[in-house]
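Heads up: the sequence shown begins at 1069 in the numbering used here, then just goes up one per residue.
Note that the Cβ used here is the ideal one computed from N, Cα and C, for glycine as well.
As the structure is a prediction and not an experimental result, all values here were calculated from the model.
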Amino acid sequence: MDVRELIVKQKEAVRRRTREVVAMVRLEQLDWRPEKDALSVAELLRHLWMSEEGVRRAALDGDFSYYERRIPEGLRAVLGRPQTLEAEREKLESIHQETLRQVREFPLEKLEEERIYQGLGFRRKVYAMLAAITEHEIHHRAQLMIYLRMLGTPVPEAINRR
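The following block contains the structure:
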């Protein structure tokens, strides 16, 4: 198995669990946040797909437009207003599928290339950026699980794997 296949398989495995957790979110929970400045449930869902898309574009296309705004201005500058629960779920899935497609098509030898943006002090290999997308998802999925538990939605520690 090459590194591209490993990235795709890991991303698919992580997303299976994320889908299960996101399916537990109810409409009435979307605006809830644990404290005034924290992300709401809806903003957390939106952040997941927006970040994935921005990091993917930087990694595969060398397009740093997400980072150009996100780093100096902060998360809220790029987040925008969440849409409906269904729209955020659909976007989360469509961005995931697009990432998988593009990674599968990306030349294996180019995964070792570095993406450099001096103005932001950014220097990372493409494969590391792609792996970070999955790590970021795991982090925020855990955050969402905590939110759901705080709202009284039982989130089992181990859901049967398909």
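Best match in the options for proximity to residue i [C-alpha to C-alpha]
{"i": "V1109", "options": "E1203, L1198 and M1092", "result": "M1092"}
{"i": "A1127", "options": "E1181, R1137 and R1169", "result": "E1181"}
{"i": "E1216", "options": "R1083, P1175, T1167 and L1095", "result": "Before going further, note that residue 1216 is Leu rather than Glu in the sequence given. L1216 has its Cα closest to that of L1095, out of R1083, P1175, T1167 and L1095."}
{"i": "E1177", "options": "K1193, M1118 and A1081", "result": "K1193"}
{"i": "V1146", "options": "F1132, L1074, I1206 and L1168", "result": "F1132"}
{"i": "I1201", "options": "M1069, A1106 and V1123", "result": "V1123"}
{"i": "V1171", "options": "M1069, V1076 and D1070", "result": "V1076"}
Contact set for residue i: own chain, Cβ-Cβ below 7 Å, skip 5 residues either direction
{"i": "L1219", "result": "Q1097 and W1100"}
Sheet register partners of residue i (DSSP bridge)
{"i": "Y1215", "result": "Paired residue(s): none; Y1215 is not in a bridge."}
{"i": "R1192", "result": "R1183"}
Cut-off 8 Å between Cβ atoms - residues of its own chain near residue i, not counting five sequence neighbours on either side
{"i": "I1227", "result": "Because I1227 carries a pLDDT of 49, less than 50, the predicted location of this residue cannot be relied on, and the following value inherits that uncertainty. Within the same chain, I1227 has close Cβ partners R1085 and E1088."}
{"i": "P1150", "result": "L1098, S1108, A1110, E1111, L1113, R1114 and E1156"}
{"i": "E1080", "result": "L1168"}
Same chain, Cβ closer than 6 Å to residue i, five either side skipped, listed in chain order
{"i": "W1117", "result": "K1159, L1160 and I1163"}
The region 1113-1133 in contact with the region 1151-1165 per 3-pair CB rule at 8 Å | Yes: the two stretches touch, three or more of their Cβ pairs being nearer than 8 Å.
Could you pull out every unbroken alpha helix (DSSP H) segment of at least 4 residues lying fully inside the region 1127-1181, listed in chain order?
-> Here the runs fully enclosed are 1133-1141, 1143-1147 and 1153-1173.
If you pair each beta-carbon of the region 1123-1140 with each one of the region 1186-1197, do three or more pairs fall below 8 Å?
-> These segments touch.
Does the region 1130-1140 come within contact of the region 1171-1190, defined as at least 3 CB pairs closer than 8 Å?
-> Proximity of the region 1130-1140 to the region 1171-1190 meets the contact definition, three or more beta-carbon pairs being nearer than 8 Å.
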